[in-house]
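Trainee: In our numbering, the protein residues as written are -17 to 154.
Ideal placement from N, C-alpha and C gives every residue a C-beta, glycine not left out.
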Amino acid sequence: MADAVASTPLHRARVAAESVVDPELPMLTLADLGVLREVRVAEDGSVEVAITPTYSGCPAMATMRDDLVRALHRAGFPGARVRVALHPAWTTDWITPRGRAALSGAGISPPGPAPRRDAPVALDLLAPRRRVHCPRCGSADTELTSEFGSTACKALYRCRACLEPFDHVKEI
-17 MADAVASTPL HRARVAAESV VDPELPMLTL ADLGVLREVR VAEDGSVEVA ITPTYSGCPA
43 MATMRDDLVR ALHRAGFPGA RVRVALHPAW TTDWITPRGR AALSGAGISP PGPAPRRDAP
103 VALDLLAPRR RVHCPRCGSA DTELTSEFGS TACKALYRCR ACLEPFDHVK EI
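1. Arg63 to Met46, Cα distance in whole Å?
2. Helix, strand or coil for Glu146? Go by DSSP, reduced to three states.
3. Helix, strand or coil for Ser42 per DSSP?
4. Which of the three DSSP states, helix, strand or coil, is assigned to Thr74?
5. Just list the residues that DSSP pairs Lys152 with in beta bridges.
6. Within a Cβ cutoff of 8 Å, which residues of the same chain sit near Asp4, ignoring the five residues on either side of it in sequence?
7. Between which two residues does the alpha helix (DSSP H) containing Ala83 stretch?
8. Drop a sphere of 10 angstroms on the beta-carbon of His69, count the other beta-carbons inside from all chains shown, and report buried for 16 or more, exposed for fewer.
9. Does the structure place the segment 52 to 61 close enough to the segment 22 to 36 that three or more beta carbon pairs sit under 8 Å?
10. Going by beta carbon distance, what residues of the same chain come within less than 6 Å of Ala84, once the five residues before and after it are set aside?
11. In angstroms with no decimal places, state the Cα-to-Cα distance between Cys119 and Tyr139.
12. Val151: buried (16+ other C-beta within 10 angstroms of its C-beta) or exposed?
13. Can you tell me whether Gly131 is buried or exposed? The criterion is at least 16 other CB atoms within 10 Å of its CB, across all chains shown.
14. Enumerate in chain order the residues of its own chain whose CB-to-CB distance from Leu161 is below 6 Å, with the five nearest sequence positions on each side excluded.
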């Protein structure tokens, strides 16, 4: 039975799509990042994949799309399409435990729980207070160096215990 499932077009398409890595965080697959939302195979055999951007205007979306189309083409789906799904909005809570471990293993502090918002978001010009642990030594004695890290979705911190700088994925 497992061989029958493994040979279905949907399974092959899903495996191909789940193998694609994020262009900005290459230690994560799009599935572990929570960006890969859906893989569908139509009756005519065409494949459609849905992805959700991590934030509005994410510059990596075109690369994600192109990488998905290439992976699906290699898996035998030449007419694969990628659509953008904006609802529900992506949240860092969608990063899998395996993805969080991969971030930490790469020296990037994974996000904590995303803030819950039941009302409009108040405009605050200060950096949000976060409880960030050093991915190298585990210390909570860290300080924000810059709200803007190597990519827009990360902030730069420094550990006061081991003195190492590190990126932190911002909670969204």
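Mentor: Reading it off the structure:
1. 12 Å
2. coil
3. Sequence inspection shows Ala at residue 42; the Ser mentioned does not correspond to that position. Looking at Ala42 - three-state DSSP - the assignment turns out to be coil, as it is neither helix nor strand.
4. helix
5. None; Lys152 has no bridge partner.
6. Leu10, Thr11, Leu12, Leu15, Val17, Ala42, Met46
7. 79 to 87
8. exposed
9. yes
10. Met9, Leu10
11. 13 Å
12. buried
13. buried
14. Because the chain here runs from -17 to 154, residue 161 falls outside it and cannot be looked at.
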